[in-house]
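Chemist: Before I ask anything, let me first share the structure, which is written out below as structure tokens.
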Amino acid sequence: MSSPETPIRIGIVGTGFIARAHAEAYRRVRDLGTGRPVELASVASRRLDNARSFADRHGIRDAMDDWRGLVGADVDLVDVCTPNDSHVEIAGAAIDAGHDVVCEKPLGRDATEARGLADRVEASTRRLFCVFNYRFVPAVALIAELVRSGEFGDLHGFRFDYSQDWGLGEGTGWKFDGVAAGSGSVGDLGSHAFDLLRALVGPIDWISARTTTVAPGRSVDDAFVSLVTTVGGVSGTVSSSRVVPGAKNRLALEITGTRGAVSWNLERLNEITVVRETPGGFERTTRLVTRSADPSIDRWWPEGHVLGWEAAMFGNLAAVIETLSGRADWWALPPADHRDGLAAALAVDATLASAADATAGAATVAPVGGES
Ligand SMILES: NC(=O)c1ccc[n+]([C@@H]2O[C@H](COP(=O)([O-])OP(=O)(O)OC[C@H]3O[C@@H](n4cnc5c(N)ncnc54)[C@H](O)[C@@H]3O)[C@@H](O)[C@H]2O)c1
0 MSSPETPIRI GIVGTGFIAR AHAEAYRRVR DLGTGRPVEL ASVASRRLDN ARSFADRHGI
60 RDAMDDWRGL VGADVDLVDV CTPNDSHVEI AGAAIDAGHD VVCEKPLGRD ATEARGLADR
120 VEASTRRLFC VFNYRFVPAV ALIAELVRSG EFGDLHGFRF DYSQDWGLGE GTGWKFDGVA
180 AGSGSVGDLG SHAFDLLRAL VGPIDWISAR TTTVAPGRSV DDAFVSLVTT VGGVSGTVSS
240 SRVVPGAKNR LALEITGTRG AVSWNLERLN EITVVRETPG GFERTTRLVT RSADPSIDRW
300 WPEGHVLGWE AAMFGNLAAV IETLSGRADW WALPPADHRD GLAAALAVDA TLASAADATA
360 GAATVAPVGG ES
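Take the sequence shown: its position 306, counted from the start at 1, is 305 in numbering that gives the first Met the number 0, and no numbers get skipped.
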């Protein structure tokens, strides 16, 4: 057992967009001193010059040109920030070599890969955390607390949608390649939506879905829509798209119950809209989630000093470090682990399987006549 003062040495794999977000979050975790001390020990990329300049920019000690140099070496936590097709290989090797792991979503390209990795974690003494960072937006944490307290009565519906627009046009890179990514918007954006639905409303047990590919010749879906039910019998819709003009990073949710409702949207991440039953009828209020009593706000600024997208990544990685330090009870939702990563992958697979069967869960609508 490591002493509370022994630093957790972190090795990051990848130097792209999300690796940058992780490196910045760990720096904040280190500077705030939450949980055990954190040391940014190394970064691996495929090219040494990239790894070196990333290391210099983010205050990381060592740089290397092969992730295999990290595994079995002097790091405690291996953080996988590479494309989806390498998650299982790198995270699995790290678990087998005795490291704890942070792995970006989706856990694997499909549920078979995710289950294989989850089984390796179960057979080990190590922990794996799958990055579903939106659990750590303070407004989302407040929604979790309100739902849990019964504020909205018995839940009976939900709408979760994650829309972006960067898939319009040609679209190049591994995220449009089915072999590298596994799927398109379903695994990329839908996995976040399914994770939040599971965390806020409950486990999912049924999905009927349709996918759409707008761009000619693209090997992955651009969008999906689905009807979903939870084990608790709540039904609603989940959808995502990378081709909604004007949608930049719009993860939007609404949860409805017998006594009220709540909604939130990542593009206005500091606000929630709550509908409550009052003697005069239902009343809707929108407010900033920046009060000192709001979840996790005391780690930030005075009331009204709003947060940005990176706040959720900080919260997620701080919660990982605190969990590894045995002090995790602070957060409204726990950091997602291998089981949560597998649950999201199973929902993604069910979505794709349903969409591949055009008759699944469908009743046809008779034509009126004279319409084409
Ligand atoms: N949680 C989130 O909000 C969020 C947001 C964006 C991306 N992601 C996830 O993060 C992962 C990476 O996405 P990204 O947007 O950063 O992609 P990216 O293309 O910007 O970066 C990928 C990086 O991995 C490196 N790389 C590729 N193969 C490698 C290998 N074998 N060894 C070492 N480095 C390798 C590339 O050189 C690049 O630096 C994906 O799984 C994606 O789903 C999560």
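From the three backbone atoms N, C-alpha and C, an ideal C-beta is built for every residue, glycine too.
Need the endpoints of the beta strand (DSSP E) that Gly280 sits in, please.
Modeler: In the sequence shown, counting from the first residue as 1, residue 280 sits at position 281. Here the beta strand (DSSP E) through Gly280 covers Gly280 to Leu287.
Chemist: Between Lys247 and ligand 1, is the CB less than 7 angstroms from at least one heavy atom?
Modeler: Counting from one through the sequence shown, the residue named residue 247 turns up at place 248. Every heavy atom of ligand 1 is 7 angstroms or more from the Cβ of Lys247, so no.
Chemist: By the 10 Å Cβ neighbour count, where 16 or more other Cβ atoms means buried, how is His304 classified, buried or exposed?
Modeler: Walking along the sequence shown from the start, residue 304 turns up at place 305. That one is exposed.
Chemist: Spatial neighbours of Met0 within its chain, please: CB distance less than 8 angstroms, with the 5 preceding and 5 following residues excluded, ordered by chain position.
Modeler: Numbered from its first residue, the sequence shown carries residue 0 at position 1. Only weak support exists for where Met0 lies, its pLDDT of 46 falling under 50; the value from the coordinates is given anyway. The answer is none, since no qualifying residue turns up.
Chemist: Regarding Ser148 and ligand 1, is the C-beta to nearest heavy atom distance less than 7 angstroms?
Modeler: Working through the sequence shown from its first residue, we reach residue 148 at position 149. Ser148 Cβ: outside cutoff for every heavy atom of ligand 1.
Chemist: So the candidates are Gly232, Leu154 and Cys129; which of them puts its Cα closest to the Cα of Ile203?
Modeler: Position 204 of the sequence shown holds residue 203. Checking every option, the nearest Cα to that of Ile203 belongs to Gly232.
Chemist: Which residues mark the beginning and the end of the beta strand (DSSP E) in which Val227 is found?
Modeler: Counting from one through the sequence shown, the residue named residue 227 turns up at place 228. Per DSSP, Val227 belongs to the beta strand (DSSP E) from Ala222 to Thr229.
Chemist: What does DSSP give as the partner residue(s) for Asp160 in the beta ladder?
Modeler: Position 161 of the sequence shown holds residue 160. Paired residues: Ser238 and Ala251.
Chemist: Just confirm the distance between the C-beta atoms of Thr257 and His155, as a whole number of angstroms; I'd bet it's less than 8 angstroms.
Modeler: As a working note, residue 257 is residue 258 in the sequence shown. As a working note, residue 155 is residue 156 in the sequence shown. Indeed, because the Cβ distance is near 7 angstroms, the residues count as touching under 8 angstroms.
Chemist: To the nearest angstrom, report how far apart Lys104 and Gly279 are at their CA atoms.
Modeler: Counting from one through the sequence shown, the residue named residue 104 turns up at place 105. Counting from one through the sequence shown, the residue named residue 279 turns up at place 280. Going from the Cα of Lys104 to the Cα of Gly279 covers about 45 angstroms.
Chemist: Is DSSP giving Thr33 helix, strand or coil here?
Modeler: Your numbering for residue 33 matches position 34 in the sequence shown. Correct three-state label for Thr33: coil.
Chemist: Give me the Cα-Cα distance between Pro421 and Val87, rounded to the nearest whole angstrom.
Modeler: Any question about residue 421 goes unanswered here, given that the chain covers just 0 to 371.
Chemist: Going by DSSP in three states, Phe175 sits in which element: helix, strand or coil?
Modeler: Here the question's residue 175 lines up with position 176 in the sequence shown. In the structure shown, Phe175 sits in a helix (DSSP, three-state: H, G or I).
Chemist: State the DSSP-derived secondary structure class of Arg51, mapped to helix, strand or coil.
Modeler: Your numbering for residue 51 matches position 52 in the sequence shown. Arg51 falls in the helix class under three-state DSSP.
Chemist: Compute the minimum distance between the beta carbon of Ala43 and the heavy atoms of ligand 1, and state whether it is under 7 angstroms.
Modeler: Here residue 43 is taken as the residue at index 44 of the sequence shown, counted from 1. Correct: Ala43 has its Cβ closer than 7 angstroms to ligand 1.
Chemist: Could you give the distance in angstroms between the alpha-carbon of Cys80 and the alpha-carbon of Gly15?
Modeler: For this step, residue 80 is matched to residue 81 along the sequence shown. For this step, residue 15 is matched to residue 16 along the sequence shown. C-alpha separation (whole angstroms): 8 angstroms.
Chemist: Counting pairs of Cβ atoms below 8 angstroms between the segment 114 to 134 and the segment 333 to 342, do you hit three or more?
Modeler: With a cut-off of 8 angstroms, the segment 333 to 342 and the segment 114 to 134 count as touching, because enough Cβ pairs lie within range.
Chemist: With Gly10 as the anchor, note down where its beta strand (DSSP E) starts and where it stops.
Modeler: Stepping through the sequence shown from its first residue, residue 10 is reached at position 11. It spans Ile7 to Val12 - the beta strand (DSSP E) in which Gly10 sits, taken as one unbroken run.
Chemist: With DSSP as the reference, identify every bridge partner of Asp78, one or two as the case may be.
Modeler: Working through the sequence shown from its first residue, we reach residue 78 at position 79. The partner list for Asp78 (beta bridge, DSSP) reads Ile11 and Val101.
Chemist: With C-beta atoms as the reference, is Glu321 less than 8 angstroms away from Thr33?
Modeler: Working through the sequence shown from its first residue, we reach residue 321 at position 322. Working through the sequence shown from its first residue, we reach residue 33 at position 34. Yes. Within cutoff.
Chemist: Give the DSSP-derived three-state secondary structure of Thr111 in the structure shown.
Modeler: If you number the sequence shown from 1, residue 111 lands on position 112. Thr111 falls in the helix class under three-state DSSP.
Chemist: I need the boundaries of the alpha helix (DSSP H) containing Leu351, first residue and last residue.
Modeler: Within the sequence shown, numbered from 1, the residue matching residue 351 stands at position 352. Counting along the chain, the alpha helix (DSSP H) containing Leu351 begins and ends at His337 to Ala355.
Chemist: Could you check what DSSP says for Ala362 in three-state terms: helix, strand or coil?
Modeler: For the purposes of this step, residue 362 is taken as the residue at position 363 of the sequence shown. Three-state DSSP puts Ala362 in coil, outside helix and strand.
Chemist: Rounded to the nearest angstrom, how far is the Cβ of Gly186 from that of Val347, given a contact under 8 angstroms?
Modeler: In the sequence shown, counting from the first residue as 1, residue 186 sits at position 187. In the sequence shown, counting from the first residue as 1, residue 347 sits at position 348. Between Val347 and Gly186 the Cβ distance is about 5 angstroms, and since that is below 8 angstroms, they are a contact.
Chemist: Check Phe193 in the structure and name its three-state DSSP category.
Modeler: Translated into positions along the sequence shown, residue 193 becomes position 194. Here Phe193 sits in helix by DSSP.
Chemist: Buried or exposed for Arg197, going by 16 or more other Cβ atoms inside 10 Å?
Modeler: Stepping through the sequence shown from its first residue, residue 197 is reached at position 198. Buried, by the Cβ-count rule.
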